[in-house]
Amino acid sequence: MKRKAYPINEILDLCKISESTFYHTQARKRLTGSVAKKQAIGRGRPRKLAIQDSQYLLKLARHKPATFLDEYTRRLEDSRFLNVSLATIHRTFIRAGLNVKRIQKLAAERSPEIRADYIHRISQYPANYLVFLDEVSKDDRTYARLWGRSRVGTRVEHHAPFVRKRRFSMVAALGLDEGIVAAKVVEGSFVRESFMNYLRDDVVGSPASSSCSLLMHAASDVDSLSWSSERSCHG
């Protein structure tokens, strides 16, 4: 537009730029051959951790996700000879998309081979043949709330029972088509005798389970009970 002898005021009005921007752009074009600004390199404070150091931290987090920040600091000092702050390690994890979550506990004693063998054996039964049992208990402290709101710098105080008092336990059997087949509530905890009575009288003797084969795996402390009642299924 300048070469075509457009007036400067008209150029500024069409491009919506100031006069100083126009002259700076014109000077940049003469010096570099381009109106684009040169890309800034190395702007800001340099990071203490190189890419390899950050990848080392991420590998440690994947291998042992419950490690504390001060433990990461010691690992960096011993293995990478770096002395960095806890905030630097925290920001590195945030930039990588890692945040703090509540740990989901998995039993260290479980065996993949035994689990695979159980799945292989249980797969021979149709889904509507299976009945699953679960137990739950409650006392006066079960429904005590753990979180509340208060002004900054003050505690949240709430009167709640500290003594368990009466304890109740409930066990229920769940089938695919029937829903809850049988349920029973006792005061205290289930023991072997009361649990076996529940299986014999309530579960096996219930009308919903009388026509098909019941295969129940009870995860309870009854000598690792795995009890099966094979009955013909006609329905």
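Residue numbers for the sequence shown follow my numbering, so the first one is -6 and each next one is one higher. Virtual Cβ for every residue (Gly too), placed ideally from N, Cα, C.
Check	Outcome
In this structure, how does DSSP classify V179 when only helix, strand and coil are distinguished?	strand
Is any beta-carbon of chain B found at less than 8 Å from that of V184?	Checking the listed chains, one finds no chain B in this structure; it contains a single protein chain.
Measuring CB to CB, does A166 end up less than 8 Å from V178?	no
Going by DSSP, name the residue or residues bridged to M189.	Paired residue(s): none; M189 is not in a bridge.
Quick check on the DSSP output: what are the complete beta strand (DSSP E) runs of length 3 or more inside the segment 110 to 157, in order along the chain?	124 to 131
Does DSSP classify F15 as helix, strand or coil?	helix
My output table needs one value for I96: the three-state DSSP class, helix, strand or coil.	coil
At which residues does the beta strand (DSSP E) containing S162 begin and terminate?	F161 to G168
Compute the Euclidean distance between the alpha carbons of R38 and S72, then round it to the nearest angstrom.	25 Å
Please go through the segment 24 to 78 and give each complete beta strand (DSSP E) segment of 3 or more residues, from N-terminal end onward.	none
Between the C-alpha atoms of G146 and F61, what's the straight-line distance to the nearest angstrom?	26 Å
Evaluate the contact criterion for the segment 156 to 164 versus the segment 179 to 189: three or more CB pairs, one atom per stretch, below 8 Å.	yes
Check the C-beta distance from R95 over to D132 and give it rounded, since I have them as a contact under 8 Å.	The pair is not a contact, with the Cβ atoms about 24 Å apart (cut-off 8 Å).
Considering only residues of the same chain and omitting the five flanking positions on each side of H151, which have a CB-CB separation below 8 Å?	R138 and G141
Classify V196 as buried or exposed, calling it buried when 16 or more other Cβ atoms lie within 10 Å of its own Cβ.	buried
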